[in-house]
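Residue numbers (the working numbering): 133 to 429. What follows is a set of notes on a single structure, which appears directly below.
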């Protein structure tokens with residue numbers, strides 16, 4: 133925080149900036165120029181043990197930074213409502229919802245066979261993203277146990293702390309270890325293929341400020357199953373199949389329906405492809421520029 137309050141303040145003065153825009157929830161206290169910050173989520177309040185050093189910042193500093201900012205970008209209406217509930221003194225008109233964007237030139241349907249060639253993998257359920265406790269992977273494993281003949285689950289992403297050890301132990305106890313594929317880091321150039329070749333993408337999170345992988349999967353023509361919590365109903369719209377992430381039987385039935393019903397799966401693909409186009413960087417960029425001009429006018 134010393135950088136924001138000293139180094140960044142000096143840089144603004146030295147370069148004679150007209151406006152300071154921060155793409156994260158950090159900024160200058162009592163700025164001497166127009167300032168806009170971005171709040172992605174309020175994760176430290178929900179899972180303080182994961183981000184202990186950020187709890188004091190969000191509790192004490194962020195309200196002051198918001199107060200000194202001319203506008204605050206929230207990446208979802210869900211995040212906007214959370215900010216209003218947590219910091220009730222913030223004027224509603226200061227908070228502007230601008231959704232994140234996806235590179236639609238990169239994330240699009242790909243020719244089949246690449247993932248089969250690189251990973252010897254086909255007929256798989258896919259989960260992408262850093263694995264943390266709130267990602268709710270344990271319940272996905274328990275749902276897979278209820279469908280012994282179901283597909284394998286491919287997991288791409290980093291693991292926080294001992295999460296992989298815990299999940300490996302759980303998979304062993306549920307006797308599904310042979311159905312879990314630990315991909316780890318997948319190169320950026322293969323990620324669109326990974327989405328495109330999956331039978332379905334599952335996003336079981338208990339908390340998300342936006343949920344970028346959900347939109348990436350849709351853009352790649354992958355049918356999506358999604359938690360009905362936090363921002364995900366907002367971002368998924370009518371283009372995803374939603375389930376209760378705390379009800380294992382509901383999750384298991386959802387996985388089975390999407391994987392077995394080819395007509396329904398194709399409907400999700402068509403709706404998802406159309407829906408993903410709403411989350412493009414050109415639109416996000418224009419909304420940001422319009423906001424900058426409004427603040428400066």
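Don't be surprised by glycine CBs; every beta carbon is placed ideally from N, CA and C. None of these values were measured; they are calculated from a predicted model.
*Would you mind sorting residue 327 into buried or exposed? The rule is 16 or more other CB atoms within 10 Å of its CB.*
Here residue 327 is taken as the residue at index 195 of the chain shown, counted from 1. Buried, since its Cβ has 16 or more Cβ neighbours within 10 Å.
*Give me the Cα-Cα distance between residue 401 and residue 294, rounded to the nearest whole angstrom.*
Position 269 of the chain shown, counting from 1, holds the residue named residue 401. Position 162 of the chain shown, counting from 1, holds the residue named residue 294. If you draw a straight line from the Cα of residue 401 to the Cα of residue 294, it comes to about 35 Å.
*Can you tell which of 364, 370 and 359 has the C-alpha that lies nearest to the C-alpha of residue 383?*
To locate residue 383, count along the chain shown from 1; it is residue 251. Proximity to residue 383 across 364, 370 and 359 peaks at 359, based on C-alpha coordinates.
*Confirm, please, whether the CB-CB distance from residue 329 to residue 236 is below 9 Å.*
As a working mapping, residue 236 is identified with position 104 in the chain shown. As a working mapping, residue 329 is identified with position 197 in the chain shown. Not in contact: residue 236 and residue 329 (Cβ atoms no closer than 9 Å).
*Can residue 195 and residue 212 be called in contact, C-beta distance under 9 Å?*
Position 63 of the chain shown, counted from the start, is the residue given in the question as residue 195. Position 80 of the chain shown, counted from the start, is the residue given in the question as residue 212. Not a contact, by the Cβ cut-off of 9 Å.
*On a CA-only basis, which of 353, 227 and 348 is nearest residue 413? Give me that one, please.*
Looking up residue 413 in the chain shown gives position 281. Residue 348 is the option with its Cα nearest to residue 413.
*Just to confirm, are residue 208 and residue 368 a CB contact at a threshold of 9 Å?*
Walking along the chain shown from the start, residue 208 turns up at place 76. Walking along the chain shown from the start, residue 368 turns up at place 236. No. Outside cutoff.
*asked:* Which residue marks the beginning of the alpha helix (DSSP H) containing residue 197, and which one marks its end?
replied: By one-based count along the chain shown, residue 197 stands at place 65. Here the alpha helix (DSSP H) through residue 197 covers 194–200.
_Spatial neighbours of residue 398 within its chain, please: C-beta separation below 7 Å, excluding the five flanking residues on both sides._
In the chain shown, counting from the first residue as 1, residue 398 sits at position 266. If we look at residue 398 and ignore the five residues flanking it on each side, it has no Cβ neighbours.
*As assigned by DSSP and simplified to three states, the class of residue 187*: In the chain shown, residue 187 corresponds to position 55, counting from 1. Residue 187 falls in the helix class under three-state DSSP.
*Could you tell me whether the Cβ atoms of residue 276 and residue 387 are closer together than 9 Å?*
On the chain shown, residue 276 is found 144 positions in, with the first residue counted as 1. On the chain shown, residue 387 is found 255 positions in, with the first residue counted as 1. Their beta carbons are under 9 Å apart, which means residue 276 touches residue 387 by this criterion.
*Straight-line CA distance for residue 436 to residue 364?*
One cannot answer for residue 436 here, as it falls past the ends of the chain, which runs 133 to 429.
*Please confirm whether residue 306 and residue 287 have their CB atoms less than 9 Å apart.*
Taking the chain shown and counting its residues from 1, one reaches residue 306 at position 174. Taking the chain shown and counting its residues from 1, one reaches residue 287 at position 155. No.
*At what residues does the alpha helix (DSSP H) containing residue 215 begin and finish?*
Within the chain shown, residue 215 is the residue found at index 83, counting from 1. It spans 209–218 - the alpha helix (DSSP H) in which residue 215 sits, taken as one unbroken run.
*6 Å CB neighbourhood of residue 372 in its chain, flanking five on each side removed*: In the chain shown, the residue the question calls residue 372 occupies position 240. Answer for residue 372: 356 and 358, listed in chain order.
*Can you tell me which of the three DSSP states residue 375 falls into?*
Counting from one through the chain shown, the residue named residue 375 turns up at place 243. Looking at residue 375 - three-state DSSP - the assignment turns out to be strand.
_So, under 8 Å CB-CB, residue 203 and residue 423 are touching, yes? Tell me the CB distance rounded to an integer number of Å._
Your numbering for residue 203 matches position 71 in the chain shown. Your numbering for residue 423 matches position 291 in the chain shown. Confirmed, about 6 Å.
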